[in-house]
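Peer 1:
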Amino acid sequence: GAGVSQSPSNKVTEKGKDVELRCDPISGHTALYWYRQSLGQGLEFLIYFQGNSAPDKSGLPSDRFSAERTGGSVSTLTIQRTQQEDSAVYLCASRLPGLAGTNEQFFGPGTRLTVL
Amino acid sequence: AQTVTQSQPEMSVQEAETVTLSCTYDTSESDYYLFWYKQPPSRQMILVIRQEAYKQQNATENRFSVNFQKAAKSFSLKISDSQLGDAAMYFCASQNAYSGAGSYQLTFGKGTKLSVIP
Numbered sequence: 003g004a005g006v007s008q009s010p011s012n013k014v015t016e017k018g019k020d021v022e023l024r025c026d027p028i029s030g031h032t033a034l035y036w037y038r039q040s041l042g043q044g045l046e047f048l049i050y051f052q053g054n055s056a057p058d059k060s061g062l063p064s065d066r067f068s069a070e071r072t073g074g075s076v077s078t079l080t081i082q083r084t085q086q087e088d089s090a091v092y093l094c095a096s097r098l099p100g101l102a103g104t105n106e107q108f109f110g111p112g113t114r115l116t117v118l
Numbered sequence: 008a009q010t011v012t013q014s015q016p017e018m019s020v021q022e023a024e025t026v027t028l029s030c031t032y033d034t035s036e037s038d039y040y041l042f043w044y045k046q047p048p049s050r051q052m053i054l055v056i057r058q059e060a061y062k063q064q065n066a067t068e069n070r071f072s073v074n075f076q077k078a079a080k081s082f083s084l085k086i087s088d089s090q091l092g093d094a095a096m097y098f099c100a101s102q103n104a105y106s107g108a109g110s111y112q113l114t115f116g117k118g119t120k121l122s123v124i125p
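Those protein sequences? They're chains A and B, same order as listed. Numbers given in this note's numbering equal positions in the first sequence, counted from 1, plus 2. Numbers given in this note's numbering equal positions in the second sequence, counted from 1, plus 7.
1. Cα-Cα, which of A:116, A:97, A:22 and A:104 is closest to residue 110 of chain A?
2. Taking the straight line between their C-alpha atoms, what separation do you get for residue 42 of chain A and residue 84 of chain B?
3. Determine the closest residue to residue 94 of chain A out of A:71, A:83, A:85 and A:84, with distance taken between C-alpha atoms.
4. Quick check on DSSP: helix, strand or coil for residue 28 of chain B?
5. Below 9 Å on C-beta distance, what does residue 47 of chain A contact in chain B?
6. I'd like the list of long-range same chain contacts for residue 19 of chain A, defined as Cβ closer than 7 Å, with 5 residues on each side in sequence excluded.
7. Just to confirm, is the Cβ distance from residue 29 of chain B to residue 14 of chain B under 7 Å?
8. List, in chain order, every chain A residue whose beta-carbon is nearer than 7 Å to that of residue 28 of chain B.
9. Measuring only between beta-carbons, confirm whether residue 51 of chain B sits less than 7 Å from chain A.
10. Label residue 25 of chain B either buried or exposed according to how many other C-beta atoms from any shown protein chain fall within 10 Å of its C-beta, with 16 as the threshold for buried.
11. Just grab the DSSP bridge partners of residue 28 of chain A for me.
12. Identify whether residue 121 of chain B lies in helix, strand or coil by the three-state DSSP scheme.
13. Quick one, which residues of the segment 89 to 107 of chain B are near chain D if we go by CB-CB under 9 Å, in chain order?
14. Measuring only the C-alpha atoms, how far is residue 88 of chain B from residue 55 of chain B?
15. Of the residues B:50, B:42 and B:96, which one's Cα is nearest the Cα of residue 104 of chain A?
16. For chain B, check one thing: does any of its Cβ atoms lie closer than 7 Å to the Cβ of residue 8 of chain A?
17. Return the chain-ordered list of same chain residues with a C-beta closer than 6 Å to the C-beta of residue 9 of chain B, the five sequence neighbours on each side being excluded.
18. Based on DSSP bridge pairs, tell me the residues matched to residue 52 of chain B.
19. Taking its Cβ as the centre, do 16 or more other Cβ atoms sit within 10 Å of residue 29 of chain A, making it buried, or is it exposed?
20. Where do the N-terminal and C-terminal ends of the beta strand (DSSP E) with residue 100 of chain B fall, by residue?
21. Classify residue 58 of chain A as helix, strand or coil using the three-state DSSP reduction.
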């Protein structure tokens, strides 16, 4: 079946503009994650959604970052008033519900965001 | 909080040879999972191998195996018979087995870039 998809693949924006990044998880995967990968760094957790539960926003770096998940499926990560340090690859992952490590996180190809 | 450290930013290996990538981690949890992910230029993160901390036996997946030293908090990846397609970034990651919030997010190291020389 189809994997996790993300759009756009690449996004170039000007400092101060808002951007929206989209993630389509694998069908049936109720758990969804956003990670950020800055240049030369590992992935950094941003936010987690599980079904209808309140999201875990503990990884969001500032209040300029927000995310929502509509209908338990598609998720949108929004960055307001973008800054140059927001330039990174934003990766989405989804998995079936269940205990940690039991169900693999499947990653999308990411969105490369460049803030000029 | 968990931390993962990969001390080798870059490694290279001759095709058909064996290479070992190092990873150390720190956690206060008694039960957790450890992973190695591969990230080729396509950016797609691919799970290579997974180790459950409560299992003594080292995980293996075909040419990939780990050396899990729980007391030393070390988790190295060995790639045998290296192939050109193995060239990629490799990330070590950890995950709590039990999370109050149920997030089970992965904590990653900074990665090791592996080059395979023909």
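Each residue gets a CB set at the ideal place from its N, CA and C atoms; glycine is no exception.
Peer 2: Taking the structure as given:
1. Residue 110 of chain A has its Cα closest to that of A:97, out of A:116, A:97, A:22 and A:104.
2. Rounded to whole angstroms, residue 42 of chain A to residue 84 of chain B spans 20 Å at the Cα level.
3. It is A:71.
4. Looking at residue 28 of chain B - three-state DSSP - the assignment turns out to be strand.
5. Chain B residues near residue 47 of chain A: 110, 112, 113, 114 and 115.
6. The residues are 84.
7. Result yes, Cβ atoms of residue 29 of chain B and residue 14 of chain B sit closer than 7 Å.
8. For residue 28 of chain B, there are no C-beta contacts with chain A under 7 Å, since the nearest C-beta of that chain is about 14 Å from it.
9. Output row for residue 51 of chain B: interface = yes.
10. The residue is exposed, with fewer than 16 neighbouring Cβ atoms inside 10 Å.
11. Beta-bridge pairing links residue 28 of chain A to no other residue.
12. Here DSSP, grouped into helix, strand and coil, assigns residue 121 of chain B to strand.
13. Although the question refers to chain D, the structure presented lacks it and instead comprises the protein chains A and B.
14. The alpha-carbon atoms of residue 88 of chain B and residue 55 of chain B are separated by roughly 15 Å.
15. Checked all of B:50, B:42 and B:96; the closest Cα to residue 104 of chain A is B:42.
16. False, the Cβ-Cβ gap to chain B never drops below 7 Å.
17. Cβ neighbours of residue 9 of chain B beyond the five flanking positions: 34, 101 and 114.
18. Beta-bridge pairing links residue 52 of chain B to no other residue.
19. With fewer than 16 Cβ atoms within 10 Å of its Cβ, residue 29 of chain A is classed as exposed.
20. Taken as a continuous stretch (DSSP letters only), the beta strand (DSSP E) holding residue 100 of chain B covers 95 to 103.
21. Residue 58 of chain A: strand per DSSP, three-state reduction.
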